[in-house]
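Residue 1 is where the sequence shown starts when you use full-length UniProt numbering, and the numbers rise one by one after that.
Ideal Cβ placement from N, Cα and C applies to all residues, glycine included.
Down below is the structure, laid out as structure tokens.
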Amino acid sequence: MVTADSNSKGSCRRDVRPPMATYSPSLWGDIFSTLSFDDQVQKKCVEAMEPLKKDVRSMLMAANSMKLIALIDKLERLGLAYNFETEIEEKLQEISENEDDDYDLFTTALRFRLLRQHQYHVSCGVFDKFTDNLSSSDTEGLLSLYEAAHARIHGEGILEEAVAFTTHHLTRVLQQLESPLKDKVKRALEQALHRGVPIIETRFYLSLYERDESRDELLLKLAKYNFSFLQNLYRKELCQVSRWWNNFDLKTKLSYARDRLIECYLWGVSIHFEPQYSDVRIAVAKSMQMVSTMDDTYDNYATLEEADLLTEILERWDIKEIDRLPDYMKIFYRFVMSIYEDYEREAAKQGKSFAVPYFRETVKQLGRAYNQELKWVMEREMPTFEEYFKNSVITSCIYVMFTALVPGMKSVTKETIDWLLSEPNIVISTARMGRHLEDLGSHERENKGGKMLTVVDCYMQQHGASKQETLAKFAELVEDGWKNVNTEWVATTSVAKEMVEQLLNYARIAEVTYKNSEDNYTNPDKVLGPQIAALFVDPVVI
């Protein structure tokens, strides 16, 4: 064990509350609960899109070589690819079988990234021919290489060098460029495409593509109607979950907890943005707000005595036990039980009742993990970094979130859940990396002005490292984590692609949420706020 202060070891009173952080109210007030769903907008979009989709499908099937690769990339960036999934997979198979030695750097890198993002095994050796003649003046080529290099796995030294080389040269020439290329480069340096949330990147690219003189008007028109259709659907879902949340009124009853439902819904959209995943988005929003409130109950208010009791009651999973809890925990426990009852009903309705005991167990497991963390922190007796981190895989909430969305996933079977809970490499890699990102972003908040220990302190003490060295190590672990996730993404083909894709998207939204080592979930005004407004509030002019 690593002890912060030998004089204080085990001396914490069990009836003392932790120092309580005060959180700002929701940025959004009550605006989303009053949004109206316009059936006419949806009808107009669908009618306009059908002939446009037919034309784009013909364009896609007729394209070949470099034009085909570029077209698929545009369809993906504009958020249109799900409309042409079968055709794109067929064309990518052709692309994977035909490598053209005459491809320039731009096309070679784009082909590499597209194939890897679609789980194809593709060698980084395709870049060998460029090692001696990389031109720093080929900005489009360097940008394409920069984006491709972020899909790298372990052992790809040529792509490690490419990240450093392209970052240096793109940064150097940025101010000399003209839009839209300047905007593309600036965005890439802020957020590499492979690590970005697809729907967030689509919204950005749509505004950029509209200003591009080389744009295809057909693609632009279809993309605008498609985004308007999605945005209207998201507003309907936001209205539904906002009214659900308001019914509990936890924002006034449990003032110690963060009211971040809209940010939780953003995570749902990030996991799956396509229209058929409405149930998934709503399930993620509800379960994430639940675990956020649970986190704050343990971390920001409960005494050790109360936390032990809550953990015990969660283990028993019996509403008759509720009177043993203090009043504020009764409110929280009813909230958990209500979500569980909704889950039970929805699972039965979708023929997924097999998932119910798994969901119940992941909530209990999370309670145990939060309780353990509170004991370490309050008693100022930290475990080894490895022990702490094993617990942190649970507090990443990946198991609760991914069992929560099962009823909304047609492809998920009991075997899929068994696979998820069997700790496959991609689950552990994703959870670990998500946790490293969160630790980088939230340790300042969690240490509450130096009064509480965090995983950062744990690492510093065990390894005799400074805070700066520790944060640099965590950033290094994030980079290694991305290589692990990329490796497992290509290798994991034994379960449905949409399930594995959720893990990749979990990593992406974790990166965006804790961007630049900041907790943008707790404080969403600078980063998540503008993205939420762009996705759900600001209309696209058609």
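| query | result |
| --- | --- |
| Length of the line joining the Cα atoms of Leu-193 and Arg-187 | 9 Å |
| Same chain, Cβ closer than 7 Å to Asp-100, neighbours up to 5 away in sequence not counted | Ser-65 |
| Nearest candidate by alpha-carbon position, reference Gln-42, set Lys-236, Glu-97 and Lys-349 | Lys-236 |
| Residue nearest to Thr-252 in terms of C-alpha spacing, selected from Tyr-23, Val-490 and Leu-75 | Tyr-23 |
| Proximity below 8 Å, CB of Arg-260 to CB of Gln-289 | yes |
| Between the CA atoms of Cys-397 and Val-291 - distance to the nearest angstrom | 7 Å |
| Per-residue burial, Gln-386 [other beta carbons within 10 Å of its own, 16 or more giving buried] | The residue asked about is misnamed: residue 386 is Glu in this sequence, not Gln. Exposed, by the Cβ-count rule. |
| Limits of the alpha helix (DSSP H) - the one that Leu-159 falls within | 157-173 |
| Cβ-Cβ distance between Val-377 and Leu-453 below 8 Å | yes |
| Terminal residues of the alpha helix (DSSP H) in which Ile-331 lies | 327-349 |
| Endpoints, alpha helix (DSSP H) assigned at Lys-320 | Per DSSP, Lys-320 belongs to no alpha helix (DSSP H) and is neither H nor E. |
| Leu-78 vs Tyr-209 beta-carbon contact at 8 Å | yes |
| Residue burial classification, Gln-372 (beta-carbon count within 10 angstroms, cutoff 16) | buried |
| Supposed close pair residue 547, Val-485 - CB separation, criterion 8 Å | Because residue 547 is not part of the residues shown, which for the chain are 1 to 542, the question remains open. |
| Proximity of Ile-509 and Trp-267 at Cβ, strictly below 8 Å | yes |
| Length-filtered (4 minimum) alpha helix (DSSP H) runs lying within the region 83-149 | 85-97, 105-117 and 139-149 |
| Which of helix, strand or coil DSSP assigns to Met-452 | coil |
| The region 127-134 touching the region 155-169, judged by at least three CB pairs closer than 8 Å | yes |
| Where Trp-28 sits in the DSSP three-state scheme | coil |
| Closest Cα partner of Asp-104 within the set Val-126, Met-337 and Asp-519 | Val-126 |
| Nearest residue (CA-CA) to Ala-491, options Asp-480, Asn-425, Phe-106 and Val-512 | Asn-425 |
| Meets three-Cβ-pair contact criterion under 8 Å: the region 496-510 and the region 232-247 | no |
| Rounded separation between Pro-524 and Tyr-514 - CA only | 10 Å |
| Simplified DSSP assignment, three categories, for His-272 | coil |
| Member of Phe-227, Asp-295, Ala-347 and Ala-283 whose CA lies at the smallest distance from the CA of Asp-538 | Phe-227 |
| Range covered by the alpha helix (DSSP H) that runs through Asp-296 | 278-300 |
| Sequence-distant residues of its chain with Cβ nearer than 7 Å to Thr-311 (five each side left out) | Gly-367, Arg-368 and Asn-371 |
| Option nearest Leu-145 by Cα separation, candidates Val-356, Ser-123, Arg-113 and Leu-174 | Arg-113 |
| Beta-carbon gap between Leu-189 and Thr-139 smaller than 8 Å | no |
| Whether Pro-407 touches Glu-361 by CB criterion (8 Å) | no |
| Buried or exposed (CB count within 10 angstroms, at least 16 for buried), Val-2 | Below a pLDDT of 50, predicted positions are generally treated as unreliable, and Val-2, at 43, falls in that range; the measurement from the model is reported next regardless. So Val-2 ends up on the buried side. |
| Supposed contact pair Ser-517 and Ile-455 - C-beta distance, whole angstroms, cut 8 Å | First, the residue type needs correcting, since residue 455 is Val and not Ile in the sequence shown. Contact doesn't hold; Cβ gap of about 14 Å is too wide. |
| C-beta contact flag for Ile-88 and Ile-72 at 8 Å | yes |
| Nearest-angstrom Cβ-Cβ length linking Arg-152 and Glu-160, presumed shorter than 8 Å | 7 Å |
| Cβ neighbour criterion (16 or more within 10 Å) applied to Arg-435 | buried |
| CB of Leu-374 within 8 Å of CB of Ala-302, strictly | yes |
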